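Residue numbers (the UniProt record's numbering): 1 to 196. Glycine is no exception: its CB is placed at the ideal position from the N, C-alpha and C atoms. These figures come from a predicted structure and were not determined experimentally. Report on the following structure.
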């Protein structure tokens with residue numbers, strides 16, 4: 001029902017008053033019968049061969065559950081004729097639209113996301129800049145390009161001869177490395193905020 005409600009809003013129409021119309025979910029502004037399919041992680045969508053001729057348009061909605069907040073995207077919007085051109089041949093009464101026929105939004109690498117709070121402290125070591133954020137997260141730049149901080153912090157911890165801890169999360173490694181730096185060689189660091 002989430003997909004149907006989203007598509008109704010997307011098309012600027014209302015849901016049909018009768019639930020479960022044979023073969024379609026709603027009518028678009030041109031009066032075309034629209035079948036709405038909703039997916040999350042599946043690799044394709046199945047359409048009933050017996051009722052697909054009752055539909056004029058097909059819209060597939062993807063609910064992205066990988067983020068902290070849900071995102072809903074239209075990944076396929078085409079006529080039934082176009083669907084038949086890209087869907088697999090019928091098998092056991094179903095035609096299957098595979099994931100590669102749909103257009104998914106490009107995912108942003110987590111290393112490219114810097115919405116982890118303001119930078120409160122930094123440490124520059126050669127071409128590597130480790131940044132501590134107000135949230136307790138750590139990010140890294142190598143030659144100005146974002147990189148995962150964990151491996152860099154592991155290498156720094158080992159270089160400093162610090163003990164291996166039971167939890168080697170990025171946050172715990174960063175806290176261990178920064179505490180050591182601030183207690184031992186504060187002059188090498190370039191603080192840009194509070195010191196701990």
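For the alpha helix (DSSP H) containing residue i, list its first residue and its last residue.
i: residue 156; result: 149-159
i: residue 198; result: There is simply no residue 198 to check, as the chain begins at 1 and stops at 196 in what is shown.
i: residue 45; result: It is not in any alpha helix (DSSP H) - residue 45 instead sits in the beta strand (DSSP E) that spans 44-48.
My understanding is that residue i touches residue j, with C-beta atoms under 8 Å, so please give their C-beta distance in whole angstroms.
i: residue 47; j: residue 94; result: 7 Å
i: residue 266; j: residue 13; result: In the structure as shown, the chain starts at 1 and stops at 196, and residue 266 therefore has no counterpart that could be examined.
i: residue 76; j: residue 102; result: 5 Å
i: residue 147; j: residue 155; result: Wrong, their Cβ atoms sit about 12 Å apart, outside the cutoff.
i: residue 170; j: residue 149; result: 5 Å
i: residue 29; j: residue 56; result: So it is not a contact: roughly 12 Å between Cβ atoms.
i: residue 128; j: residue 152; result: 6 Å
What did DSSP end up calling residue i once you bin it into helix, strand or coil?
i: residue 28; result: coil
i: residue 22; result: coil
i: residue 111; result: Summary for residue 111: the model assigns pLDDT 46, below 50, so the residue's position carries little reliability, and this model does not support an answer.
i: residue 162; result: coil
i: residue 86; result: helix
i: residue 76; result: strand
i: residue 35; result: strand
i: residue 170; result: helix
i: residue 177; result: helix
i: residue 7; result: helix
i: residue 142; result: strand
i: residue 189; result: Bear in mind that a pLDDT of 37 at residue 189, under 50, signals an unreliable position, so the number given afterwards is only what the model happens to contain. Coil, per DSSP.
From this set, the options, which residue's C-alpha is nearest residue i's C-alpha?
i: residue 9; options: 51, 41, 59; result: 59
i: residue 85; options: 92, 96, 50, 75; result: 96
i: residue 173; options: 137, 142, 145; result: 137
i: residue 40; options: 53, 74, 31, 33; result: 74
i: residue 45; options: 87, 4, 72, 27; result: 87
i: residue 35; options: 71, 83, 158, 72; result: 83
i: residue 175; options: 130, 27, 143; result: 130
i: residue 143; options: 126, 157, 159; result: 126
Grab the span of the beta strand (DSSP E) containing residue i for me, first residue to last.
i: residue 97; result: 94-98
i: residue 59; result: 57-64
i: residue 54; result: Here residue 54 belongs to no beta strand (DSSP E), and DSSP marks it neither H nor E.
i: residue 119; result: 119-125
i: residue 101; result: It is not in any beta strand (DSSP E) - residue 101 carries neither H nor E in the DSSP assignment.
i: residue 13; result: Taken as a continuous stretch (DSSP letters only), residue 13 belongs to no beta strand (DSSP E), as it is neither H nor E.
i: residue 200; result: Nothing can be reported for residue 200: it is not among the residues displayed for the chain, which extend from 1 to 196.
Taking Cβ positions, are residue i and residue j nearer each other than 7 Å?
i: residue 132; j: residue 121; result: yes
i: residue 22; j: residue 54; result: yes
i: residue 49; j: residue 105; result: no
i: residue 43; j: residue 3; result: no
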